[in-house]
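For reference, the structure discussed in these notes is given below.
Numbering (our numbering), first residue to last: -3 to 448.
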C-alpha cells in the first residue's frame, strides 16, 4: 500500500480529484452507517412494541376467560338464591360490558388468522353456546321463584320453554334450572372453554418467542453490518491520512525545513490528523451510546417469573385502577436471610415467596416483583368490599411462608393495600398502598393493613 501511495505521489495526482474520490467513499459509508443505525433503532422500537402487544393480548385473553367465568358465577348465584342483583349483573355483562366481544375484537386486530386467535374464537363460541342454556335456566328459575313475567328482561319474556318443562311444578322447574348450570354437561363445556384459553395462552407464548427470535436475528445482522461499516470507515480515514501525508504534509514540511535548516525533522503530529482523530472518537462514542440504548428489558423477572418493574409500570399505566386493589408486599427482614444463609438461599426464598403469591391470587390478577424483596399484586375487579377476603388471603400466605418445605427458612410478608374506589384516597393509589404498608411495619410486620 505504501509503494502504491508513493507512486501516486510521484505522479502528482491532483488533490481535488483525490478529495472528491475519498469524499464520495466516505459519504457512501456514512449514509449506509446512518441507515443501519436507524434500522437498528427501529428494530428496538419494534421489539418494545412487540412486547407491549404481547402483554395486551395476554390481558385480552384473561378478560375473555374472566368474562365467561363471571357469567357462570352470576347465573349460578341467581338460580341458587333468586337475588335479582345477580340477574342484573349477568345481563349487564351480556348487553353492556361485552368483555368477550371486546377482547376477541382486539385479538382479531392483532392476531387474526393465527392459532391463538382461533383458540380464543372457539372459546367465545363455546361460551356463547352456554349463554342460551343459561338464559333458559334463568327463565325456569324466574317462573319457579314466582316472579311477575312483566318484570322479566325482554330476552326472557320472548323466550319460549318446552311444553314438558312448562308443565313442571315450581320445585321441579327450579331443580331443572339449577341442574342446567351445575350438571356434568355444563361443567364439561366450561372445561372446554378453559382448555381452549389455556391453548390460546400457550400459542401466544410460542408466537411471542418466534417473533422475538426473528427480531433478535435481524438485530444481530444490523449490528454486524454496523461493525463492518465502522471498520470500512476507519480504513478510509486511515487512507485519507496516509495520502494526505504523502501528497501534502510531508512535501510541505520537508520543503520548509530544507529551506530553514537544510535538514529533515521528524513529524510529531499535525492539527489535521488530530482533527480527524477527534471526529472519529466523537462518532464512535455516539455509536456506542446508541448501542447501549438497544439493551432489551424483558417484562418478566428472571428469578421469579413474575412481571418485573417495567411490566408493573406498564400495568399501572394501562389498567383501570379505579376498579382494582393494589397490594404492596415486602418480605419481612429479608436482609437477615441473606446475612444468615447467603444470597443463594435468599434467591430461593424470593422464588418461594413468588410461588406462594402466584398460587394465592386469581389467574386474572397481576403479580409483580418490583424490587429486591418487594412485590406487588394488582387485583382486578376488587373494591373495598374485599377487605375481609384480602386479609384472610394474607394470613394464609404468611402461614405458608412460616411453615416452608425443602429446607427453606421461615419468613413472612407485610402487605399494604389500597383500593381504587376508596373515598379517602390521596389520588395516588401507589402512595395509598405505601402508607398502608408503613402502618403494618409500625405494628410489628407480618400482616395486612388497608388505606382508609
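Ideal Cβ placement from N, Cα and C applies to all residues, glycine included.
Whole-angstrom C-beta distance between residue j and residue i, which should lie under 8 Å
i	j	result
residue 407	residue 328	6 Å
residue 397	residue 352	6 Å
residue 136	residue 161	7 Å
First and last residue of the uninterrupted beta strand (DSSP E) at residue i
i	result
residue 446	443 to 446
residue 336	From DSSP, residue 336 is part of no beta strand (DSSP E) but of the alpha helix (DSSP H) over 330 to 337.
residue 415	409 to 415
residue 144	Counting along the chain, residue 144 falls outside any beta strand (DSSP E), and DSSP gives it neither H nor E.
residue 450	Residue coverage of the chain in this structure runs from -3 to 448, which leaves residue 450 outside it and unanswerable.
residue 242	That residue, residue 242, is in no beta strand (DSSP E); it is neither H nor E in DSSP.
residue 320	Unbroken run through residue 320: none, as it is neither H nor E.
residue 370	370 to 375
residue 95	Per DSSP, residue 95 belongs to no beta strand (DSSP E); it is in the alpha helix (DSSP H), 95 to 107.
Same chain, Cβ closer than 7 Å to residue i, neighbours up to 5 away in sequence not counted
i	result
residue 365	297, 300, 302, 304, 350 and 371
residue 83	74 and 134
residue 123	64, 96 and 189
residue 49	106
residue 337	405
Contact under 7 Å by Cβ, residue i with residue j
i	j	result
residue 341	residue 425	no
residue 236	residue 18	yes
residue 166	residue 188	no
residue 319	residue 416	yes
residue 418	residue 389	no
residue 363	residue 429	no
residue 36	residue 217	no
residue 60	residue 99	yes
residue 87	residue 145	no
residue 58	residue 360	yes
Own chain partners of residue i with C-beta closer than 6 Å, once the 5 adjacent residues on each side are dropped
i	result
residue 291	Confidence at residue 291 is low in this model, with a pLDDT of 36, below 50, so its placement is unreliable and the value that follows should be read with caution. Cβ neighbours of residue 291 beyond the five flanking positions: none.
residue 4	With a pLDDT of only 49 at residue 4, under the threshold of 50, the placement of this residue in the model should not be trusted; the figure read from the coordinates follows. None.
residue 383	446
residue 387	444
residue 326	370 and 410
residue 172	136
N-terminal and C-terminal residue of the alpha helix (DSSP H) that residue i is part of
i	result
residue 388	383 to 398
residue 131	111 to 140
residue 167	166 to 178
residue 425	425 to 438
Beta-carbon proximity list for residue i, same chain, < 8 Å, skipping 5 on both sides
i	result
residue 115	192, 193, 195, 196 and 199
residue 232	18, 21, 22 and 25
residue 434	412
residue 127	67 and 90
heavy atom of the ligand GDP below 6 Å from residue i C-beta
i	result
residue 261	No copy of the ligand GDP appears in this structure; indeed no ligand is present at all.
**Item:** Stretch pair the segment 187 to 204 + the segment 104 to 122: three plus CB contacts closer than 8 Å
**Value:** Result yes; three or more Cβ-Cβ pairs closer than 8 Å.
**Asked** Quick one: any contact between the segment 38 to 47 and the segment 86 to 106, if contact means 3 or more CB pairs under 8 Å?
**Response** By the Cβ test, the segment 38 to 47 is not in contact with the segment 86 to 106, since fewer than three Cβ pairs between them sit closer than 8 Å.
**Message:** Does the structure place the segment 21 to 32 close enough to the segment 211 to 227 that three or more beta carbon pairs sit under 8 Å?
**Reply:** Taking one beta carbon from each stretch, the segment 211 to 227 and the segment 21 to 32 have 3 or more pairs nearer than 8 Å; the two touch.
**Prompt:** How do the segment 207 to 219 and the segment 73 to 90 stand: do at least 3 beta-carbon pairs fall below 8 Å, yes or no?
**Reply:** Not touching, per the Cβ criterion.
**Message:** Between the segment 144 to 156 and the segment 183 to 193, can you find at least three pairs of beta-carbon atoms closer than 8 Å?
**Reply:** Contact annotation: the segment 183 to 193 does not touch the segment 144 to 156, with fewer than three C-beta pairs closer than 8 Å.
**Prompt:** Would the segment 64 to 71 and the segment 49 to 56 be scored as touching if the rule is three or more Cβ pairs under 8 Å?
**Reply:** Inter-segment contact for the segment 64 to 71 and the segment 49 to 56 is absent: fewer than three beta-carbon pairs are separated by less than 8 Å.
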